[in-house]
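Terminal number for the sequence shown in the UniProt record's numbering: 662, no gaps in between.
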Amino acid sequence: VSPEEGVSPASSASPLEEPPEQQPVVLSTHSLAALKVGTQQIIPKGLASEIKVTSKGGGHNAETSKRVLKVRSMVESPSLPLVADAEEEAEGELDSPGSLRRGLRSTSYRRAVVSGVDFDSSLNFKKKNRMSQPILKAVVEDKEKFASLGRIKKKMLKGQGTFDGEENAVLYQNYKEKALDIDSDEESEPREQKSDEKVVFRYKPLRSTWSQLSVVKKNGLSEAISQEERKRQEAIFEVISSEHSYLLSLEILIRMFKNSRELSLTMTKTESHHLFSNITDVYEASKKFFTELEARHQNSIFIDDISDIVEKHSSAFDPYVKYCTNEVYQQRTLQKLLATNPAFKEALSRIEAHEDCRSLPMISFLILPMQRVTRLPLLMDTICQKTPKDSPKYENCKRALKEVSKLVRLCNEGARKMERTEMMYTINSQLEFKIKPFPLVSSSRWLVKRGELTAYVEEPGLFSKRTSKQQVYFFLFNDVLIITKKKSEESYNVTDYSLRDQLVVQQCDAEDLTSSPVKNTSTMLYSRQSSAAHLFRLAVLSNHAGERVELLLGTETQSDRARWITALGRDRDRQTTDRTTLTQVEITRTYTAKQSDELSLQVADVVLVYQKVTDGWYEGERLRDGERGWFPMECAKEITCRATLDKNMERMGRLLGLETNV
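What follows is the structure in structure tokens.
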């Protein structure tokens, strides 16, 4: 639309007809200001909204002159500095919450306008009847006032980190450590867009990597160092930025959930303690850790090392061990409250719907300390991998990696021990021995797998033996098998038991049933269309009475059969398997174990696959700690890059080697 054609006043919406908050967002290239000055000028929406458009030819130059003076007063006022200091910016935000926040982009815009617009070219306006096209020049900004790690200090308890504003920060639930994936030769910065490509504006700015920090670009550090050193700097910066993201999520957990009076009134103090445990102590420990990391970064954008800080704080992370040990009580308490306490459930739903929680459930916040502590060894291992082995920094990094691996082991052992002890006492109270009792509770015993199976048994008939089905319930521990019959969900009659080293298990296909000790099983399976058609044999060499017993057992799915065979057979080939020949998969979706033989996984975990069952299950070994279990195929994708496969094996060797030597 040319200025000569004019713009009708009716085309602009009246404030009475449509409230300001309901006005659609107008692209800068289609705003009223852009239509007046040309479609190549990018201008803030706030500036355009205050301009009165008129179609009167006589007053057009006057309106243009007023607009020019207005622009000049906004960006070149002699009584005010062009860019406010950091502290002034912060105070301005606190004093006037509704005022426009002066961010880095708006500052860039002001300087670009000042450098490009000629306010004295009034003759040009008269000739063309519109403001001349401004030239946007490249501006080198004073990044020291806007360092990415934050020079504007704000109170942490109010949710403000020192990296970014809270509204721009990435919560740890949505944070993926990029440094763990920097193994290629691809450039870390995006390509410059061509002039004819469409520009895409994101609602929230993406977090920066080290190479994308403005001060790094300004000084050309990324190009001045080697690629390996750049990757090392990325990995170091990842520890700092991810700790900031994690700290912000913890602050939301404490402020929105733990300190919520509405939520606390719906439960007892004991339930609240089981739910939140010592999360405040965990937050304080993380805050001290981040404060030292941030100070190191502010001291120099090129960080020589952070291994000393990691080593120092890893040995002081006792609150993490206590919090992880409480995990079993935490999960049970939350499940109980959700199932039996409507007032708690309603209050929790209202809090989770608050904008500060970003539509994330409370459980996603509660599990963060466990997730964070398991990621630290991987991040430190990445730094170790990128550090020259002949450098003193390499030995420092190895010591830090050893300390943080020790922390993970203590957290895992604490959580596992509490869960196993609780489970042992619960099961022992549910068993009723019809035979000679077995002393079940022991500090060295834990549950491996439990579940119901179909047993095919021969029974004497009037003229011949007949085969019948019986439902049996197995409790398999690390050293003993308890065979029961289920009376109810919390009561079981023990019919037999055997030490685990007296068990021999073998898969049994339908065509092998002719050699089965149970004669008519095949006929019964086909005639009755049994759902438990996936069979295997279990030979008990010596049961509680010292007798040999053979069982033909059936499951409803192939994966159930594979899981029982693996558990009962103790997988004797585990130690002889060459890990380098195994398929590797990367976890794309978090999975929480629902049974004792399953594996809980986080996004970006790497798992070595030992078994693959056609109905959708993997059995694998978690790379970061060597834990083994089953998980759904839909949560993972296969890794095919040879270089990545080799580096994963090197990492596993380092992590497991350090863990066994702490």
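For each residue, glycine too, the CB sits at the ideal point set by N, CA and C.
Cβ-Cβ distance between residue i and residue j below 8 Å
i	j	result
Ala415	Glu311	no
Gln331	Ser277	no
Val505	Gly569	yes
Lys594	Lys386	no
Val607	Ile587	yes
Asp605	Arg624	yes
Met423	Leu440	no
Tyr610	Phe631	no
Met370	Cys324	yes
Thr426	Leu553	no
Asp615	Ser559	yes
Asn648	Gln602	no
Tyr283	Leu250	yes
Ser245	Tyr175	yes
Val540	Gln502	yes
Classification of residue i by the beta-carbon crowding that lies within 10 angstroms, buried from 16 upward
i	result
Gln233	buried
Arg372	buried
Leu476	buried
Ser226	exposed
Ala347	buried
Gln544	Reading the sequence as shown, one finds His at residue 544 and not Gln. Buried, because 16 or more other Cβ atoms sit within 10 Å of the Cβ of His544.
Glu243	buried
Arg622	buried
residue 663	With the chain covering 1 to 662 only, the question about residue 663 has no answer from this structure.
Glu197	At Glu197 the pLDDT is 43, less than 50, meaning the model places this residue with poor confidence and gives no usable figure here.
Arg642	exposed
His354	exposed
Lys449	buried
Thr581	exposed
Ser364	buried
Glu413	exposed
Pro377	buried
His30	exposed
Leu438	Reading the sequence as shown, one finds Phe at residue 438 and not Leu. The residue is exposed, with fewer than 16 neighbouring Cβ atoms inside 10 Å.
Asn259	exposed
Glu228	exposed
Glu550	exposed
Per DSSP, the bridge partner or partners of residue i
i	result
Ile483	Phe474, Asp496
Ile587	Ala636
Phe433	Val494
Val504	Ala539
Gly451	Phe474
Leu601	Tyr591
Thr280	The partner list for Thr280 (beta bridge, DSSP) is empty, contrary to what the question assumes.
Phe468	According to the sequence provided, residue 468 is Ser. The question's Phe does not apply to it. Answer by DSSP bridge pairing, in chain order: Val457.
Trp564	None; Trp564 has no bridge partner.
Phe631	Tyr618
Ser488	Ser491
Delimiting residues of the beta strand (DSSP E) encompassing residue i
i	result
Thr555	549-555
Gln611	606-613
Other residues of its chain near residue i: CB distance less than 7 Å, five sequence neighbours each side excluded
i	result
Ser429	none
residue 664	This structure cannot settle anything about residue 664, because the visible part of the chain is limited to 1 through 662.
Phe317	Ala285, Leu407
Lys398	Cys384
Asn493	Glu432, Lys434, Thr484, Lys485, Lys487
Ile254	Ile279, Thr280, Tyr283
Glu271	Thr333, Leu337
Residues of its chain near residue i, where Cβ-Cβ distance is below 6 Å and the 5 sequence neighbours each way are ignored
i	result
Arg561	His534, Phe536, Thr555
Asp85	At Asp85 the pLDDT is 42, less than 50, meaning the model places this residue with poor confidence; the figure from the coordinates comes in the next sentence. Once the five neighbours on either side are set aside, Asp85 has no close Cβ partner at all.
Trp446	Arg420, Asn478
Phe237	Trp210
Leu499	Val480
Lys393	Asp305, Thr387
Phe289	His313
Opening and closing residue of the alpha helix (DSSP H) in which residue i lies
i	result
Gly626	Neither: Gly626 is in no alpha helix (DSSP H) and is coded neither H nor E.
Lys218	214-219
Gln385	368-386
Gln331	327-340
Asp308	307-314
8 Å CB neighbourhood of residue i in its chain, flanking five on each side removed
i	result
Arg350	Glu262
Gly653	none
Leu293	Val239, Ile240, Glu243, Ile306, Ile309
Asn341	Thr266, Met267
Asp381	Leu401, Arg651, Arg654, Leu655
Gln471	Glu452, Leu453, Thr454, Ala455, Lys485, Lys486
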